[in-house]
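Protein chains in written order, with my numbering: chain P, 1 to 113; chain G, 114 to 230. Idealized CB from N, CA, C, for every residue including glycine. Just so you know, these numbers come straight off a predicted model, no measurement behind them. See below for the structure under consideration.
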């Protein structure tokens with residue numbers, strides 16, 4: 001158990017819909033990361049937050065957005081879903097922005113039908 | 114653009130065989146290097162990491178990796194694999210750009226290791 005909690009573990013939804021994935025970082029960690037793992041793209045960095053502020057942005061689509069709340073949990077919002085958004089979405093956390101040791105959650109499986 | 118290459122998509126070995134998984138990266142600056150393992154249905158776990166110093170680093174479960182700067186490589190090794198090592202292995206690189214203290218990792222595509230008992 002890494003200490004990073006993600007919900008839901010599995011989600012099936014239709015194209016055009018919107019979903020929210022939730023992440024609670026390890027106790028004491030201030031930085032949260034979101035990654036997408038798909039068969040064709042592999043593990044891709046989406047976005048990083050530190051103590052509520054966005055710190056780095058990767059290959060995140062405009063249809064996707066994220067935020068980190070004052071209690072440090074984070075949400076990834078995916079809207080206007082397409083079949084190609086089907087993937088495993090990982091959340092990770094670290095104590096600092098530099099992320100010398102990053103801990104990953106078990107992921108949220110999203111299937112878009 | 115930053116890229117991380119893992120040469121083998123799928124490796125199949127018998128128990129007690131030796132393992133070497135290749136990893137190369139394309140960034141010319143200073144990097145931190147990582148190997149993660151993902152057992153079926155589980156989260157990514159850190160096997161080992163290299164920041165500086167001795168280029169031969171030892172990790173958990175008998176794994177080690179060697180950083181060869183001139184070859185931009187960070188290959189993972191284990192002298193004798195076990196059935197329980199069956200998993201997917203990911204190499205990851207963090208760039209240390211001047212003034213950058215961000216934790217973004219660039220991952221390879223992963224190598225699936227299957228160990229037959």
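Simplified DSSP assignment, three categories, for residue i
i, result
"residue 175 of chain G", "helix"
"residue 183 of chain G", "helix"
"residue 74 of chain P", "strand"
"residue 31 of chain P", "strand"
"residue 126 of chain P", "Outside the displayed span of chain P (1 to 113) sits residue 126 of chain P, for which this structure offers no information."
"residue 139 of chain G", "coil"
"residue 24 of chain P", "strand"
"residue 94 of chain P", "strand"
"residue 197 of chain G", "helix"
"residue 152 of chain G", "coil"
"residue 17 of chain P", "coil"
"residue 54 of chain P", "strand"
"residue 64 of chain P", "strand"
"residue 209 of chain G", "coil"
"residue 145 of chain G", "strand"
"residue 164 of chain G", "coil"
"residue 227 of chain G", "strand"
"residue 10 of chain P", "strand"
"residue 101 of chain P", "coil"
"residue 133 of chain G", "strand"
"residue 42 of chain P", "strand"
Partner residues on chain G for residue i, Cβ-Cβ distance less than 8 Å
i, result
"residue 48 of chain P", "215, 216, 217"
"residue 101 of chain P", "159, 162"
"residue 90 of chain P", "156, 157"
is_contact[residue i, chain P] using C-beta, thresh 7 Å
i, result
"residue 161 of chain G", "no"
"residue 187 of chain G", "no"
"residue 157 of chain G", "yes"
Environment of residue i [buried if 16+ CB atoms lie within 10 Å]
i, result
"residue 37 of chain P", "buried"
"residue 48 of chain P", "buried"
"residue 59 of chain P", "exposed"
"residue 71 of chain P", "exposed"
"residue 93 of chain P", "buried"
"residue 113 of chain P", "exposed"
"residue 55 of chain P", "buried"
"residue 87 of chain P", "buried"
"residue 131 of chain G", "exposed"
"residue 24 of chain P", "buried"
"residue 106 of chain P", "buried"
"residue 3 of chain P", "exposed"
"residue 69 of chain P", "exposed"
Chain G within 7 Å of residue i, Cβ atoms only
i, result
"residue 106 of chain P", "yes"
"residue 2 of chain P", "yes"
"residue 16 of chain P", "no"
"residue 98 of chain P", "yes"
"residue 64 of chain P", "no"
"residue 55 of chain P", "yes"
"residue 93 of chain P", "no"
Under 7 Å from the C-beta of residue i: neighbouring residues of chain P
i, result
"residue 222 of chain G", "42"
Same chain only: Cβ atoms within 7 Å of residue i, ignoring 5 sequence neighbours per side
i, result
"residue 120 of chain G", "135"
"residue 16 of chain P", "80, 81"
"residue 180 of chain G", "146, 163, 168, 187"
6 Å CB neighbourhood of residue i in its chain, flanking five on each side removed
i, result
"residue 193 of chain G", "129"
"residue 137 of chain G", "118, 185, 186"
"residue 172 of chain G", "160, 161"
Beta-carbon contacts of residue i that lie in its chain and below 8 Å, excluding the five residues immediately before and after
i, result
"residue 229 of chain G", "125, 126, 127, 128, 196"
"residue 31 of chain P", "25, 48, 49, 50, 51, 55, 93, 94, 95, 96, 97, 99"
Residue-chain proximity (residue i, chain A), Cβ-Cβ < 7 Å
i, result
"residue 45 of chain P", "Absent from the structure is chain A; the protein chains it does hold are P and G."
The ligand COA heavy atom lying under 6 Å from the CB of residue i
i, result
"residue 162 of chain G", "Ligands displayed in this structure: none; no statement on the ligand COA is therefore possible."
Residue i: contacting residues in chain G (beta-carbon distance under 9 Å)
i, result
"residue 58 of chain P", "217"
Cross-chain neighbours of residue i in chain G, by beta carbon under 7 Å
i, result
"residue 31 of chain P", "216"
Neighbouring residues, chain P, relative to residue i (Cβ below 8 Å)
i, result
"residue 176 of chain G", "In chain order: nothing, as chain P lies at least about 17 Å away."
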